[in-house]
Amino acid sequence: MHVRHLSVADFRSYPVAELPLGPGVTTLVGLNGQGKTNLAEALGYLSTLSSHRVATDAPLVRFGAERAVVRGAVVSRGRETMVELEITPGRANRARLNRSPVRAREVLGTLRTVLFAPEDLALVKGDPGERRRFLDDLLVARQPRWAGVRQEYDRIVKQRSALLKSAQPYLARRARGRRPRVGAEGLDPQAEADSALHTLAVWDGQLAGVGAQLLYARLRLLRDLGPYLAAAYAEVSDGQSSARAAYRSSLRQESAEQLAAGAVPEVEELREELLASLAAVRDQEVERGVCLVGPHRDDVVLSLGELPAKGYASHGESWSFALGLRLAAFQLLRTDLGDDPVLVLDDVFAELDSGRRERLAAMVADAEQVLVTAAVPEDVPAALAGRTHRVTLGSLEVGEALEAAEDVTAQSPDTAESADGPQDVEAADASS
Ligand SMILES: Nc1ncnc2c1ncn2[C@@H]1O[C@H](COP(=O)(O)OP(=O)(O)OP(=O)(O)O)[C@@H](O)[C@H]1O
Numbered sequence: 001m002h003v004r005h006l007s008v009a010d011f012r013s014y015p016v017a018e019l020p021l022g023p024g025v026t027t028l029v030g031l032n033g034q035g036k037t038n039l040a041e042a043l044g045y046l047s048t049l050s051s052h053r054v055a056t057d058a059p060l061v062r063f064g065a066e067r068a069v070v071r072g073a074v075v076s077r078g079r080e081t082m083v084e085l086e087i088t089p090g091r092a093n094r095a096r097l098n099r100s101p102v103r104a105r106e107v108l109g110t111l112r113t114v115l116f117a118p119e120d121l122a123l124v125k126g127d128p129g130e131r132r133r134f135l136d137d138l139l140v141a142r143q144p145r146w147a148g149v150r151q152e153y154d155r156i157v158k159q160r161s162a163l164l165k166s167a168q169p170y171l172a173r174r175a176r177g178r179r180p181r182v183g184a185e186g187l188d189p190q191a192e193a194d195s196a197l198h199t200l201a202v203w204d205g206q207l208a209g210v211g212a213q214l215l216y217a218r219l220r221l222l223r224d225l226g227p228y229l230a231a232a233y234a235e236v237s238d239g240q241s242s243a244r245a246a247y248r249s250s251l252r253q254e255s256a257e258q259l260a261a262g263a264v265p266e267v268e269e270l271r272e273e274l275l276a277s278l279a280a281v282r283d284q285e286v287e288r289g290v291c292l293v294g295p296h297r298d299d300v301v302l303s304l305g306e307l308p309a310k311g312y313a314s315h316g317e318s319w320s321f322a323l324g325l326r327l328a329a330f331q332l333l334r335t336d337l338g339d340d341p342v343l344v345l346d347d348v349f350a351e352l353d354s355g356r357r358e359r360l361a362a363m364v365a366d367a368e369q370v371l372v373t374a375a376v377p378e379d380v381p382a383a384l385a386g387r388t389h390r391v392t393l394g395s396l397e398v399g400e401a402l403e404a405a406e407d408v409t410a411q412s413p414d415t416a417e418s419a420d421g422p423q424d425v426e427a428a429d430a431s432s
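Right, dumping it as structure tokens:
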């Protein structure tokens with residue numbers, strides 16, 4: 001698939017910007033802080049409904065504006081779909097597909113991207129949450145229905161944690177064999193503790209049910225990803241070491257070898273294990289008032305040769321490992337869907353030595369569409385020569401090689417149509 005045109009309005013530093021795109025490589029060049037990543041981020045947002053840089057929507061909206069609009073014309077298997085998102089901080093996104101309003105989640109799957117950016121170093125060096133998010137985002141890119149399962153699981157964990165916290169004074173004293181204190185509101189402490197335990201059992205069932213599905217999906221995904229990861233890392237690093245990923249859950253640790261052998265347990269088995277683990281940690285959970293077991297506590301253990309990557313790998317190795325994970329995701333989606341996701345390489349070449357740059361360029365040169373951002377054009381390997389657009393202070397100077405793409409834009413009424421979105425191209429100044 002590829003994006004034929006990207007428009008943004010009041011997104012980050014851009015009052016408006018129109019970016020004609022097409023199959024092949026497009027490079028955005030410009031000095032630091034000019035707005036290159038902002039455009040890469042907009043593309044990623046259209047695909048995942050989230051930013052690779054921030055957890056909330058507020059920074060995405062241009063300072064002083066109320067909402068941002070991002071719109072993309074996506075071509076997949078010869079069919080074009082117009083995807084449009086209106087981002088208003090604190091409110092649910094409004095979405096349109098081919099101009100018809102839809103729920104934002106229905107947009108997922110229309111545009112698939114694999115975005116590699118400096119923030120990805122956290123995949124190797126950061127907290128487990130970074131690696132969980134990597135897996136879950138990839139699950140959703142593979143099959144959008146996992147967005148719903150993930151959301152449901154988060155809701156269950158949140159409610160169960162709130163219950164543990166609120167019932168903690170009653171339950172913890174009872175667990176220690178003492179009589180619960182009379183509540184400040186004069187509530188009967190025994191009745192409160194009984195009721196909390198009853199409700200907790202209901203949440204246990206829900207957590208185990210939905211958690212087992214998520215766990216099963218993650219284990220299968222990691223099993224499928226393993227060979228691509230090993231191959232991608234070997235290629236990027238010129239065979240210096242073998243990269244592997246194993247799943248560490250609060251229930252069990254699946255080694256890369258077990259995963260490769262296809263030993264993913266069935267959902268029902270995982271559900272029963274989760275229920276048993278919840279029962280085993282009940283006293284600890286009650287004591288601490290937090291939810292201690294489930295996929296939200298899990299991690300992916302990355303290793304290079306015999307050593308764990310985290311804490312041992314060099315900066316360059318960590319960087320290459322993160323790149324290997326993204327390239328593996330690209331290959332997995334390509335094979336699964338029979339349609340290339342759009343590959344976004346945001347500011348990545350400056351970090352790689354010349355050998356790794358050239359090998360990366362060779363690996364991605366046949367992708368249907370690649371968007372590259374770079375502060376220094378010379379950092380981009382010659383094998384990725386394509387169209388170049390210059391980005392200056394929140395505005396976009398469309399490169400000369402784009403005449404063909406501009407012709408397509410002129411034929412399409414979609415990109416000119418806008419209620420409150422973008423209208424014009426190049427010369428929008430951030431200060432206007
Ligand atoms: N919500 C916002 N409103 C206005 N300006 C913003 C907003 N968010 C970010 N910016 C501005 O956007 C600019 C950063 O843009 P971006 O991250 O795309 O830069 P870049 O060209 O990729 O730079 P680098 O080469 O350093 O990575 C900064 O000047 C920042 O102040």
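When the count follows full-length UniProt numbering, it moves up by one through the sequence shown with no breaks and lands on 432 for the last residue. We put the CB at the ideal spot given by N, CA and C, even for glycine.
To which residues of the same chain is residue i closer than 6 Å at the C-beta, ignoring the five residues directly before and after it?
i: residue 117; result: 52, 346
i: residue 218; result: 135
i: residue 17; result: 8, 396
i: residue 44; result: 52, 113, 115
i: residue 337; result: none
i: residue 157; result: 291, 296
i: residue 86; result: 67, 69, 94
i: residue 80; result: 73
i: residue 167; result: 196
Looking only at C-alpha atoms, which of the options sits nearest to residue i?
i: residue 205; options: 57, 248, 273, 318; result: 273
i: residue 240; options: 350, 102, 304, 343; result: 304
i: residue 268; options: 210, 248, 316; result: 210
i: residue 104; options: 156, 46, 125, 54; result: 46
i: residue 63; options: 246, 288, 12, 386; result: 12
i: residue 310; options: 230, 23, 119, 128; result: 128
i: residue 327; options: 225, 10, 291; result: 225
i: residue 192; options: 170, 202, 200, 201; result: 170
i: residue 251; options: 208, 379, 36, 235; result: 208
i: residue 108; options: 143, 121, 153, 92; result: 143
i: residue 266; options: 214, 352, 141, 155; result: 214
i: residue 162; options: 147, 50, 199; result: 199
i: residue 234; options: 58, 32, 155, 360; result: 360
i: residue 315; options: 295, 56, 247, 121; result: 121
i: residue 282; options: 154, 344, 203; result: 203
i: residue 344; options: 54, 371, 318, 227; result: 371
i: residue 58; options: 149, 10, 201; result: 10
Answer yes or no: do residue i and residue j have a C-beta to C-beta separation smaller than 8 Å?
i: residue 398; j: residue 34; result: no
i: residue 285; j: residue 164; result: yes
i: residue 365; j: residue 383; result: yes
i: residue 271; j: residue 212; result: yes
i: residue 331; j: residue 232; result: yes
i: residue 29; j: residue 335; result: no
i: residue 293; j: residue 307; result: no
i: residue 245; j: residue 302; result: yes
i: residue 289; j: residue 25; result: no
i: residue 61; j: residue 89; result: yes
i: residue 70; j: residue 42; result: yes
i: residue 298; j: residue 249; result: yes
i: residue 147; j: residue 333; result: no
Got a sec? Which residues, its chain only, sit under 8 Å from residue i by beta carbon, not counting five neighbours each side?
i: residue 1; result: 74, 75, 76, 77, 111, 112, 339, 340, 341, 342, 368, 369
i: residue 358; result: 381, 383
i: residue 229; result: 243, 244, 245, 324, 325, 328
i: residue 375; result: 29, 30, 31, 32, 36, 347, 350
i: residue 236; result: 320, 323, 324, 327, 356, 359, 360, 363
i: residue 106; result: 95, 97
i: residue 155; result: none
i: residue 300; result: 128, 131, 132, 134, 135, 222, 245, 246, 247, 248
i: residue 56; result: 89
By Cβ distance below 7 Å, which residues in the same chain neighbour residue i in space, the five residues on each side in sequence not counted?
i: residue 96; result: 84, 102
i: residue 138; result: 221, 329
i: residue 355; result: 238
i: residue 264; result: 216, 219, 220, 223
i: residue 123; result: 130, 131, 134, 322, 325
i: residue 313; result: 124, 304, 321
i: residue 373; result: 28, 36, 37, 40, 346, 347
i: residue 379; result: 349, 350
i: residue 276; result: none
Problem set entry | alpha helix (DSSP H) runs wholly inside the region 257-311, at least 4 long, in chain order | Runs found: 267-280, 282-288.
Problem set entry | In chain order, each alpha helix (DSSP H) run of at least 4 residues that lies wholly inside the region 28-110 | Within the region 28-110, the complete alpha helix (DSSP H) runs of at least 4 residues are 36-48.
Problem set entry | Every unbroken alpha helix (DSSP H) inside the region 342-385 [4 residues or more] | Within the region 342-385, the complete alpha helix (DSSP H) runs of at least 4 residues fall at 354-364.
Exercise. Which runs of the alpha helix (DSSP H) spanning at least 4 residues fall entirely within the region 188-255, listed in chain order?
Worked result: If only uninterrupted alpha helix (DSSP H) runs of at least 4 residues are considered, those enclosed by the region 188-255 are 189-236.
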